[in-house]
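Reading the sequence shown from the start, the letters are residues 1234 to 1631 in this note's numbering.
By construction, the Cβ of each residue, glycine as well, lies at the ideal position given by its N, Cα and C atoms.
Fair warning: this is a prediction, and the values are worked out from it, not measured in the lab.
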Amino acid sequence: MLQQTTDFIALEEAYGAHNYHPLDLVLTRGEGVWVYDIDGKRYLDCLAAYSAVNQGHCHPRILRACVDQAERLTITSRAFRNDQLPQLYQVLHDLTGMEMILMMNSGAEAVETALKAARKWGYQKKGIPAGRAEIIVCANNFHGRTISIVSASSDEQYRDGFGPFTPGFVTIPFGDAKALAAAITPNTCAFLVEPIQGEAGVVIPPEGFLREAARICREQNVLLMTDEIQSGLGRTGRLFAGDHEEVTPDVLIIGKALGGGFYPVSAVLSSREVLGVFRPGDHGSTFGGNPLACAIAREALGVIVDEHLAERSAELGAYFLDRIRRIKSPVVKEVRGRGLWIGLELDRPARPYCEALKERGVLCKETHERVIRFAPPLVITREEIDWVIERLQPVLAA
Ligand SMILES: *Cc1c(COP(=O)(O)O)cnc(C)c1O
């Protein structure tokens, strides 16, 4: 029987593909912002599974909804209707005002769905000549890992060895509205953008960028598609990051916290004009919209609303950011953030700092080598933030 941390790690290293470089701890239990390793040591989770668990680990309400639904009906496929999917549609419509919704599982699948919808809309509604549709994306984006999505990436590692790539993507600098306007051609069907770039290191564009992008897209009959898979559902202090600039996108892509940390659930929300391009057989997913996913997502959204997690994120995020900014450290280059989503950029590799924080009971993951991202579950308290700061201070000072 496996008992020691080293046994689990050795087994994982032996049989698992090495497509991640995890911190060497073996977690076995979680509750709220806390996770516990197999030796019973507790850690405060400042990654929240890349914001997939904004509601906190094993939230009792979502757990109950999950177990109740798992005991009743878990999957029908979309060959038959189920009683959970329409109820989730109602909640999503009421929250966003969007007219049509398409359920998928992972974030990457939802992005793929948006790309397909945008292209088809371009041909059917905008009159783009067959096979010529272009989609504009931003440098340093992260939209997932499929072949088409990495075709739209500017990150060499994401692409290296995976060609040939899907054509039809045009890249502009992130945050540059002038470049967006200049890149649009009669064949442009959409602009796909993260309102704040997460994997790039919590990169916030210049004030007004998203609003200006929305205006340009509207004028040029180009769909604005916001990837809110990580930035959405309360993370930045509003329900969606686009809300900071009162921008309603034509296509809204969500995932991660939509599953409350229990289950992969993603969705594309848009208008009848856009999602209406799909006819039966055009697109689908065996698991997309299954009753278990829908019951979990409905409760996951209920928790975000009822526990005012977006408001908490705004208030506690400002507190956390201020406390981090006050830390005097020779290695800190920049601290930036919005809500409980903070990027701490160092002048050197961040990995050893994440390792040192882990030893003190704080779990963070470096992104893009020099940035430590702080994105705890939104249920974190002020006292727990103080607890993190007490541990961060000596690590950054050293
Ligand atoms: C995580 C993420 C994705 C991909 O989601 P998966 O569920 O990992 O496929 C896409 N876009 C953004 C902005 C993300 O953060």
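Span of the alpha helix (DSSP H), counted from its first residue to its last, around residue i
| i | result |
| --- | --- |
| R1448 | F1442 to Q1453 |
| K1684 | Because the chain spans 1234 through 1631 in this model, residue 1684 falls outside it and cannot be assessed. |
| I1380 | I1380 to S1384 |
| G1535 | P1524 to D1539 |
| G1324 | Before going further, note that residue 1324 is Val rather than Gly in the sequence given. Segment L1318 to T1329, the alpha helix (DSSP H) holding V1324. |
| F1241 | T1238 to Y1248 |
| I1618 | R1615 to A1630 |
| E1478 | Taken as a continuous stretch (DSSP letters only), E1478 belongs to no alpha helix (DSSP H), as it is neither H nor E. |
| R1392 | E1389 to R1392 |
| P1585 | R1584 to E1592 |
| A1312 | Per DSSP, A1312 belongs to no alpha helix (DSSP H) and is neither H nor E. |
| A1490 | It is not in any alpha helix (DSSP H) - A1490 carries neither H nor E in the DSSP assignment. |
| A1415 | A1410 to A1416 |
Proximal residues to residue i (C-beta, below 7 Å), its chain only, five neighbours per side dropped
| i | result |
| --- | --- |
| V1480 | L1443, R1444 and A1447 |
| A1285 | K1489, A1490, G1492 and G1494 |
| A1530 | L1321, L1491, G1492 and V1498 |
| S1386 | N1374 and R1392 |
| G1289 | G1265, V1266, P1610 and V1612 |
| I1618 | L1549, Y1552, F1553 and R1556 |
| T1261 | Y1269, D1270 and I1271 |
| T1519 | S1310 |
| T1346 | L1335, M1337, V1501 and H1516 |
| I1361 | G1355, N1420 and C1422 |
| F1395 | I1380 and V1383 |
| R1545 | L1611 |
| H1292 | G1493 and V1536 |
| G1522 | R1311, L1318 and M1336 |
| Q1357 | V1510 |
Any non-hydrogen atom of ligand 1 within 7 Å of residue i CB
| i | result |
| --- | --- |
| Y1283 | yes |
| D1460 | yes |
| F1375 | yes |
| S1384 | no |
| A1341 | yes |
| E1432 | yes |
| V1286 | no |
| E1427 | yes |
| Q1390 | no |
| K1598 | no |
| V1436 | no |
| G1488 | yes |
| V1344 | yes |
| Q1463 | yes |
Element boundaries [beta strand (DSSP E), containing residue i]
| i | result |
| --- | --- |
| F1703 | The displayed coordinates of the chain run from 1234 to 1631. Any statement about residue 1703 would go beyond what the structure contains. |
| L1425 | T1421 to V1426 |
| R1262 | L1260 to E1264 |
| C1299 | First-last for C1299: P1293 to R1305, but that is the alpha helix (DSSP H), not the beta strand (DSSP E). |
| V1370 | E1367 to C1371 |
Sequence-distant residues of its chain with Cβ nearer than 6 Å to residue i (five each side left out)
| i | result |
| --- | --- |
| P1497 | N1338 and S1339 |
| G1594 | Y1276 |
| A1363 | none |
| A1526 | Y1496 and V1498 |
| L1235 | F1241 |
| H1601 | G1434 |
| D1580 | V1564 and K1566 |
Residues bridged to residue i [DSSP beta-bridge criterion]
| i | result |
| --- | --- |
| I1271 | The partner list for I1271 (beta bridge, DSSP) is empty, contrary to what the question assumes. |
| S1562 | DSSP, once it has assigned bridges, lists no residue as partnering S1562. |
| E1599 | I1605 |
| V1484 | M1458 and S1503 |
| E1567 | E1578 |
| I1334 | L1502 |
| I1405 | C1371 |
| L1554 | According to DSSP, L1554 bridges with nothing at all. |
| V1436 | Q1430 |
| H1290 | G1265 |
| D1278 | L1596 |
Proximal residues to residue i (C-beta, below 8 Å), its chain only, five neighbours per side dropped
| i | result |
| --- | --- |
| V1689 | In the structure as shown, the chain begins at 1234 and stops at 1631. Residue 1689 is therefore absent and cannot be evaluated. |
| I1575 | V1435, G1550, F1553, L1554, I1557, V1568, R1569, R1606, F1607 and A1608 |
| M1333 | L1502, S1503, S1504, R1505, V1507, L1508 and G1509 |
| A1303 | L1525 |
| G1535 | R1294 and V1324 |
| A1298 | A1528, I1529, R1531 and E1532 |
| T1238 | D1257, L1258, V1259, D1270, I1271 and D1272 |
| R1468 | S1284, N1287, A1474, A1490, S1546, G1572, L1573, W1574, A1608 and L1611 |
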